[in-house]
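In the numbering used here, the protein residues as written are 16 to 128.
Beta carbons: idealized from backbone N, C-alpha and C, even for Gly.
So the structure is just underneath, and the comments pick up after that.
Spelled out as structure tokens, the structure:
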């Protein structure tokens, strides 16, 4: 599986991706760079798929990735999974915004559909 390293060590990169995943699930969207959004999209989709599965193993995998945030995991399993029950994937969208002033990086908005 190919993935972006985002110029970070493994433990820092995983923490960044978990934090952005939490924000998307909690608030419905996040504004970040395009590279980060494309990576986070994979994890958000995986968390919602775990919620649709609904098994104990899926709940434990979601808890492990989201740093044992039980409230967020219950939101995934109780609110988001039923919302996307009839959808076969594609739970997020990326909307391009503008270039960031400091480093000219393209900013995007990653949001739940």
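According to the Cβ coordinates, are residue 107 and residue 128 closer than 8 Å? Within the chain shown, numbered from 1, the residue matching residue 107 stands at position 92. Within the chain shown, numbered from 1, the residue matching residue 128 stands at position 113. Contact flag set, yes.
Per the DSSP calculation, residue 108 is bridged to which residue(s)? If you number the chain shown from 1, residue 108 lands on position 93. Per DSSP, 126.
Neighbourhood of residue 115 by C-beta distance below 7 Å, restricted to the same chain and skipping five residues each side: Translated into the one-based positions of the chain shown, residue 115 becomes position 100. Answer for residue 115: 122, listed in chain order.
Burial state of residue 42, where buried means 16 or more other Cβ atoms lie within 10 Å: Within the chain shown, numbered from 1, the residue matching residue 42 stands at position 27. That one is exposed.
In or out: residue 79 buried (at least 16 other Cβ within 10 Å) or exposed? On the chain shown, position 64 is the one that residue 79 refers to. It counts as exposed.
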